[in-house]
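The numbering of the sequence shown is the numbering used here, which starts it at 7 and goes up by one.
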Amino acid sequence: MKKSVLLAALAASAMMAGSAQAATIYSQNFAGGLGANESVGGKFSVGGGTVGHQASAYTNNEYSFYQLRLDLTQATDALLAFDYDIVSEYGYDAFNLAFSTTGVFGPGAMLTPVSTDQFYTLSGRAATQLGGKGFSGDQSGRAVFDLSALAGQVVDIRFQFASDYAAIGRGVTFDNLLVTGTLPSAVPEPATWAMMIMGFGLAGTAIRNRRRTLALA
């Protein structure tokens, strides 16, 4: 009996150990505007299912942003992915991402994407405002950022753009934002399952022993 109970507990534990899956923490396609946890500043606005520069070019000496508050308190890891499209003066007008858990942002809070192939060194005002690197020039694609170091916290993510005093361009837009991560399972942990099964087994043994004793009396 004890051997059967132990084997059942181990089987349940093995089944539950593989149940954790990546879940969608947040998604946004901007078709319905901004949520309560989002905001824009500077020249950024929402329109046409995107957020960023709409209709007209950006201006000289600009600083604009889209900001998102993420609740990662239950996450053990997290990935942020989004589509972007930028046309700007290469190296001098750019965007990147920064994070804050205090509401204060600065160049030192810059996030680095998983792939840095199109993440260029910045100069001038952009470097001062944003940090040392960013997405710049004429390019588009899907960027991915690993936010696992920020798991377990409520964090603000800022998509920020800065320009200098010279040339201007169409600017940047963002779309199809997705945050995924591993969240705790709603079912008991493997160790809990094992303890439950062991408890049921011991209770069953006790009941049978009691019945046997009563039958002999």
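Where a beta carbon is used, it is the ideal one built from N, C-alpha and C, also for glycine. Note that the coordinates shown come from a computational prediction; the quantities given were computed from them, not determined experimentally.
The criterion of a C-beta distance shorter than 8 angstroms is not satisfied by aspartate 77 and alanine 157. Threonine 134: member of the alpha helix (DSSP H) spanning 130–136, first to last residue. Under the three-state reduction of DSSP, alanine 28 is assigned to strand.
Residue pairing for glutamine 60: DSSP places it in no beta bridge. Boundaries for aspartate 170: no beta strand (DSSP E) harbours it, and the DSSP string shows neither H nor E there. For leucine 40, the secondary structure class from DSSP, reduced to helix, strand or coil, is coil. In this structure, glycine 187 and alanine 28 form a Cβ contact; the two beta carbons are roughly 7 angstroms apart against a cut-off of 8 angstroms. Sixteen is the threshold: when 16 or more other Cβ atoms of the shown chains lie within 10 Å of the Cβ of glycine 177, as they do, the residue is buried. Counting only residues of its own chain and dropping the five nearest sequence neighbours on each side, tyrosine 126 has a CB closer than 6 angstroms to the CB of Ser142. Contact between the stretch 56–65 and the stretch 131–138 is absent, with fewer than three C-beta pairs closer than 8 angstroms. Membership of glutamine 73 in the beta strand (DSSP E) is indicated by the continuous run 69–77. Beta-bridge pairing by DSSP links threonine 179 to Gly58 and Asp91.
Here DSSP, grouped into helix, strand and coil, assigns serine 142 to strand.
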